[in-house]
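Position in the sequence shown counted from 1, then plus 153, gives you the working numbering.
Glycine included, every Cβ here is placed at the ideal spot set by N, Cα and C.
It should be emphasised that the depicted structure is a prediction, and the values quoted were computed from it without experimental measurement.
This report refers to the structure that appears directly beneath it.
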Amino acid sequence: MIDLSGKRILVTGGSRGIGRACCEMAARAGARVAVGYRFERAAAEEVVRSILDAGGDAHCVAAELADRGEAD
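As structure tokens, then:
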């Protein structure tokens, strides 16, 4: 497995599907994960809880990345 220790990763769409799997894989590899979501805060919080319970480091980030102001 790849070593992502010390890395910070933002996964857009991290609250479900492939994005969730990417968040969980990155956390297992040692990354600090920002779980990006647009509407589904509860789902993003569930992903964060799962990562924290497994000993990883994660938090939620709400953003509409099509909006340049939010992306900055």
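Tell me which same chain residues have a C-beta within less than 8 Å of the C-beta of MET154, skipping the five on either side of it?
ARG181 and ALA182
Under a Cβ-count criterion, where at least 16 other Cβ atoms within 10 Å of its own Cβ denotes burial, should ARG173 be classed as buried or exposed?
buried
Whose CA, out of GLU193, PHE192 and GLY208, lies closest to the CA of VAL237?
This structure does not reach residue 237, given that the chain is present from 154 up to 225, and the question cannot be answered.
Hey, out of GLY159, VAL200, ASP156 and ARG191, whose CA is closest to ALA211's CA?
VAL200
Under the three-state DSSP convention, the category GLY183 falls into:
coil
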